[in-house]
Amino acid sequence: MSIYERAYGKHFGFQDLTDGGWPEEDAMEVSTGTDAHHVDTWGSEPGWFGWTSPIEDHKYDQSEWNTIKNAVDSGQVVVASTKGGDFNNGNKVTAVTDSNRDGKIDTTSTGRNGAQSDKEQELTISDHHSYTVEAIDDNYVTLRNPWGMNTDPNNKAEPGGLIRITREDYEKYFARTDISPIP
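By the working numbering, the letter at position 86 of the sequence shown is numbered 90, and the numbering carries on one by one without gaps.
Structure (structure tokens):
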């Protein structure tokens, strides 16, 4: 549990914060004093008599991707939640972490003090967990795990907390993205 969760619990009188809640409602709005909002992977499909039915399709449409990218680029707080993600076939992803510990993900150039460039490897995504969205481009999403590490399938920790995954993996595992302006 992070120091922020402990402080929140102490201030508001909660003894057990293990259920996590939703970042938008349970943390962002309280800590920033601003209205947060979210985008999610729930779509809709045609139903009877012209009514539509909600369906979890694990896809963000282009306007939702634009909302996420614009929020990250403008310095808003953006949190990705795996609650509701598709973990039916496991939690393994091919991803890049900050393996050379230079504070960024770069697979093409050497890191600080000539360290090797960051390498792609198989890692795991944690279910019922939240990550901060650090960067996004047309192909990848870079996240920060607040635990300060990511693990491989053998539970070996990769320190640093940064992880870059494909947009497709983001859609699969991160069913909701919460966004809050900085006050």
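Glycine is no exception: its CB is placed at the ideal position from the N, C-alpha and C atoms.
For Arg171, the secondary structure class from DSSP, reduced to helix, strand or coil, is helix. Closest in C-alpha terms to Arg171, from the list Tyr144, Ala179, Thr71 and Ala161, comes Tyr144. Looking at the DSSP output, Arg105 bridges to nothing. The Cβ-Cβ distance between Thr101 and Leu166 falls below 8 Å. Beta-bridge partners assigned by DSSP to Pro163: Met153. Bounds of any alpha helix (DSSP H) do not take in Gln125; it lies within the beta strand (DSSP E) bounded by Glu124 to Thr128. Taking the CA atoms as reference points, Ala139 sits about 11 Å from Val83.
Look at the beta carbons and you see the segment 93-113 not touching the segment 63-81: under three pairs across the two are nearer than 8 Å.
Its chain contains Tyr135 and Gly165 as the residues whose beta carbon lies nearer than 6 Å to that of Asn149, once the 5 sequence neighbours on both sides are disregarded; these appear in chain order.
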